[in-house]
Amino acid sequence: MRSVTVVGASLAGLSAVRALRAEGFEGDITVVGKELHLPYDRPPLSKDFLKGDVDAGSLALSEPDEYEDLEATWLLGEGAVGLDPAARTVTLSGGRELRTDGVVIATGATPRTLPAADGLAGVHTLRTLDDALALRAELRDGMPRVVVIGAGFIGAEVASTAHRLGLHVTVVEAQEVPLERQLGRDMGRLAAALHSDHGVDLRCGTGVTGFSGDRRVTGVHLADGRVLPADVVVIGVGVRPATDWLIGSGVDLDDGVVCDSGCATAVPGVVAVGDIARCPNPFTGRHARIEHWSNANEQSRTAVRTLLSGTSAAPPATAPYFWSDQYGVRIQLAGHVPAGAEARVVEGDIDSRSFAAVYEVAGAPVAAVAMNRPKLFNRLRRRLTPALAAVGS
Amino acid sequence: MITVCRIEDLPPGESIRVTEGVPAPVALFHTEEGEVYAIDDTCSHQDASLSDGWLEGCYVECPLHAAFFDLRTGAPTCAPAKFPVRTHQVSVENGHVLLHVSVGEPA
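Keeping their order, the protein sequence lines are chains S and P.
Residue numbering for the first sequence is 1 to 393, as defined by full-length UniProt numbering.
Residue numbering for the second sequence is 1 to 107, as defined by full-length UniProt numbering.
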């Protein structure tokens with residue numbers, strides 16, 4: 001293999017370039033990025049960056065020295081629109097075709113939108129630096145009334161930041177309990193309480209039926225008939241994997257790029273990493289995409305080993321991990337919370353919003369959650385049992 | 001110089017965060033091998049307290065993003081951290097852990 005094209009220039013793409021060089025690959029590396037920016041860190045976009053505490057420069061994931069060492073060619077500002085495995089080409093939106101021996105798919109995901117909001121100014125999603133700049137500008141323009149649709153992690157972080165900016169914030173969540181699927185019912189209720197702790201109005205079990213406003217949004221219509229006045233609306237209702245450019249390529253697509261545990265796709269010489277890759281996970285036993293920063297950071301090593309060796313590499317059986325900062329509380333979760341499982345607090349207490357807890361299957365800890373207890377959390381995280389082993393025990 | 005604690009209050013494998021008498025929080029570590037090290041407590045990447053991190057030999061893993069720092073030099077050994085943290089002199093005398101905070105540039 002003499003050339004590799006990495007499609008996607010965010011954390012997973014950069015990690016793939018690093019992994020290629022770390023594994024001794026000396027051939028040509030080309031990175032294709034739809035955005036004009038070199039890789040930057042997305043988590044602060046809903047937190048410190050949105051609030052205005054840090055600038056775009058501080059988000060850079062790498063430095064000039066490292067870029068020089070990596071010796072990759074960065075083609076930025078133009079996305080990929082096609083992959084032809086037989087011809088070994090990646091086609092860019094401007095029509096250019098890149099010849100390549102290997103391909104790393106790292107195009108991530110795109111926020112879901114609500115069709116009723118199409119074309120309305122003041123309605124935002126948040127994924128990219130440009131998204132965050134646009135939203136930040138509007139949050140700082142006067143004292144807008146902000147409605148956040150979706151009380152997942154992104155929605156909750158945006159609500160928290162808008163609240164800290166002194167704005168009037170309402171959060172609308174379709175489910176009765178936010179984050180129940182991710183955290184279980186009890187912890188989901190606690191996540192809901194973080195909003196009310198700070199006087200942010202959270203409306204659960206309420207769908208959004210439409211929007212008022214001519215060119216610019218003025219209100220959000222709820223399924224119960226009420227209308228929430230709004231100057232700025234943020235839609236945080238999840239993402240869909242950015243697979244459109246792969247339709248017809250022969251790569252198997254089904255809620256992401258279907259991969260084996262080593263990130264190999266159905267097409268030899270093509271691997272996938274990060275939010276877009278749907279791999280069987282040796283820790284959780286699930287064949288699901290993992291939209292975590294830590295996964296994008298670490299998975300590339302497995303994918304690159306697979307790509308360079310031609311045989312599927314074994315991934316580390318570590319628990320998926322992510323964190324969320326909201327209302328001054330740092331939430332950390334490792335492992336996958338099985339349906340119906342509830343957390344058992346092992347230290348601290350829920351009322352103080354400072355505790356660490358585990359979720360157990362057949363007496364074995366398969367997931368851990370903490371609020372403001374990073375030290376114990378990291379110890380618990382290392383003691384977790386892979387879900388399959390827990391079931392078998 | 002600051003007297004932080006008695007050495008038995010910082011057993012091997014443990015860490016402590018010092019906030020009083022220092023310009024910025026300092027993290028002290030007592031490794032399983034018996035060495036005591038001090039570095040800046042705040043991760044050079046993003047806001048996290050390294051004294052909450054996982055101690056492995058003479059390295060600490062940031063509790064938030066898993067960047068590793070060498071306690072001897074303050075240098076990060078892997079992404080996402082790009083910059084070192086400062087190291088500080090620490091000694092154990094008469095059973096007391098003494099911290100001499102350096103004001104120099106990062107290592």
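Even glycine gets a Cβ: it sits at the ideal position worked out from N, Cα and C.
task = Output yes if chain P places a C-beta closer than 8 Å to the C-beta of Asn297 (chain S); else output no.
result = Yes, contact with chain P.
query = What does Asp52 (chain P) touch in chain S if you count any residue whose Cβ is under 8 Å from its own?
reply = When 8 Å is used as the limit between beta carbons, Asp52 (chain P) is near these residues of chain S: Pro374, Lys375, Asn378, in chain order.
query = Along chain S, which residues have their Cβ under 8 Å away from the Cβ of Ala24 (chain P)?
reply = By Cβ distance, chain S contributes nothing, its closest Cβ being about 17 Å from Ala24 (chain P), past 8 Å.
task = Run through the UniProt domain "Reductase C-terminal" (321-384) of chain S for me and flag every whole alpha helix (DSSP H) of 4 or more residues, listed as ranges in chain order.
result = Entirely contained in the UniProt domain "Reductase C-terminal" (321-384) of chain S, the alpha helix (DSSP H) runs reaching 4 residues are, in chain order, 374-382.
ask   = The alpha helix (DSSP H) with Phe283 (chain S) in it runs from where to where?
value = Counting along the chain, Phe283 (chain S) sits inside no alpha helix (DSSP H), nor does DSSP assign it H or E at all.
query = In whole angstroms, what separates the C-alpha of Ala314 (chain S) from that of Glu26 (chain S)?
reply = Cα to Cα, Ala314 (chain S) sits roughly 23 Å from Glu26 (chain S).
Start-end ranges of the alpha helix (DSSP H) lying completely within the stretch 64-137 of chain S, minimum 4 residues = For the stretch 64-137 of chain S, whole alpha helix (DSSP H) runs of length 4 or above, ordered along the chain, are 64-70.
task = Check whether the Cβ of Ser294 (chain S) lies closer than 8 Å to any Cβ atom in chain P.
result = Yes, Ser294 (chain S) counts as interfacial toward chain P.
query = Exposed or buried, what is Ala27 (chain P) when buried is set at 16 or more other beta-carbons lying within 10 Å of its beta-carbon?
reply = Its Cβ being crowded by 16 or more others within 10 Å, Ala27 (chain P) is buried.
request  = Would you mind stating whether Ala264 (chain S) and Thr306 (chain S) have Cβ atoms separated by less than 8 Å?
outcome  = For Ala264 (chain S) and Thr306 (chain S), yes; Cβs fall inside 8 Å.
request  = Starting from the C-beta of Pro44 (chain S), find all residues in its chain whose C-beta is less than 7 Å away, skip the five residues before and the five after it, and write them out in chain order.
outcome  = Only residues of its own chain outside the window of five on either side were considered, and among them Val54, Leu59 have a CB closer than 7 Å to the CB of Pro44 (chain S), listed in chain order.
Thr30 (chain S) in three-state terms, based on DSSP = If DSSP states are grouped into helix, strand and coil, Thr30 (chain S) belongs with the strands.
query = Does Ala38 (chain P) have its Cβ less than 8 Å from a Cβ in chain S?
reply = Chain S contact via Cβ: absent.
ask   = By how many angstroms is the C-alpha of Leu75 (chain S) removed from the C-alpha of Ala36 (chain S)?
value = In the sequence as presented, Ala is not what sits at residue 36 (chain S); that position holds Leu. Cα to Cα, Leu36 (chain S) sits roughly 9 Å from Leu75 (chain S).
request  = Run down chain P in chain order and give the residues with a C-beta less than 8 Å from the C-beta of Leu61 (chain S).
outcome  = Within 8 Å Cβ-Cβ: Ala79, Pro80.
query = According to DSSP, is Phe25 (chain S) helix, strand or coil?
reply = In the three-state scheme derived from DSSP, where H, G and I count as helix and E and B as strand, Phe25 (chain S) is classed as coil.
query = Arg18 (chain S) versus chain P: which residues are under 9 Å apart at the beta carbon?
reply = Going along chain P in sequence order, the residues near Arg18 (chain S) (Cβ under 9 Å) are Ala79.
inquiry  = Tell me the residue span of the alpha helix (DSSP H) that contains Phe49 (chain S).
reply    = Where Phe49 (chain S) is concerned, the enclosing alpha helix (DSSP H) stretches over 48-51.
ask   = Whose CA, out of P:Glu8, P:Thr87, P:Arg17, P:Ile2, lies closest to the CA of Gly53 (chain P)?
value = It is P:Arg17 whose Cα lies nearest to the Cα of Gly53 (chain P).
ask   = How is Gly21 (chain P) classed by DSSP in three states: helix, strand or coil?
value = DSSP, read as helix, strand or coil, puts Gly21 (chain P) in coil.
key: Inter-residue CB distance, Ala79 (chain P) and Arg18 (chain S) (contact presumed, cutoff 8 Å)   = Going by Cβ atoms, the distance from Ala79 (chain P) to Arg18 (chain S) rounds to 7 Å, so yes, they are a contact pair.
query = First and last residue of the beta strand (DSSP E) that includes Gln251 (chain S)?
reply = Contrary to the premise, residue 251 (chain S) reads as Val rather than Gln in this sequence. For Val251 (chain S), there is no enclosing beta strand (DSSP E), as DSSP marks it with neither H nor E.
message = Once DSSP output is grouped into helix, strand and coil, what is the label at His37 (chain S)?
response = His37 (chain S): coil per DSSP, three-state reduction.
query = Given that a residue counts as buried once 16 or more other Cβ atoms are within 10 Å of its Cβ, and exposed if not, what is Gln299 (chain S)?
reply = Buried, by the Cβ-count rule.
query = Going by DSSP, which residues form a beta bridge with Arg201 (chain S)?
reply = At residue 201 (chain S) the sequence reads Asp, which differs from the Arg that was named. Beta-bridge pairing links Asp201 (chain S) to S:Thr170.
C-alpha distance - Tyr67 (chain S) paired with Ala174 (chain S), whole-angstrom precision = Using only the alpha carbons, I get a separation of about 44 Å.
key: Neighbouring residues, chain P, relative to Trp323 (chain S) (Cβ below 7 Å)   = Those are Leu64, listed as they occur along chain P.
Inter-residue CB distance, Ile149 (chain S) and Val234 (chain S) (contact presumed, cutoff 8 Å) = For Ile149 (chain S) against Val234 (chain S), the beta-carbon gap comes to about 7 Å, under 8 Å, which counts as contact.
request  = Please name the residue or residues paired with Gln175 (chain S) in a DSSP beta bridge.
outcome  = Answer is none; Gln175 (chain S) lacks a bridge partner.
ask   = So what does Glu93 (chain P) bridge to, in DSSP terms?
value = Paired residue(s): P:His96.
inquiry  = Assuming Gly13 (chain S) and Ala109 (chain S) are in contact, meaning their beta carbons sit under 8 Å apart, how far apart are those beta carbons, in whole angstroms?
reply    = With 8 Å as the limit, Gly13 (chain S) and Ala109 (chain S) do not qualify as a contact, their Cβ atoms being about 13 Å apart.
message = Considering Cα atoms alone, identify which of P:Ala66, P:Glu56, P:Lys82, P:Leu64 is closest to Arg72 (chain P).
response = Of the listed residues, the one whose Cα sits closest to Arg72 (chain P) is P:Glu56.
query = Got a sec? Which residues, its chain only, sit under 7 Å from Arg21 (chain S) by beta carbon, not counting five neighbours each side?
reply = Excluding sequence neighbours, Arg21 (chain S) sits near Leu70.
key: Cβ-based neighbour list, Ser49 (chain P), same chain, cut-off 8 Å, excluding 5 preceding and 5 following   = For Ser49 (chain P), where only same-chain residues beyond five positions count, the Cβ hits under 8 Å are Arg17, Pro25, Ala27, Asp41, Thr42, Cys43, Pro63.
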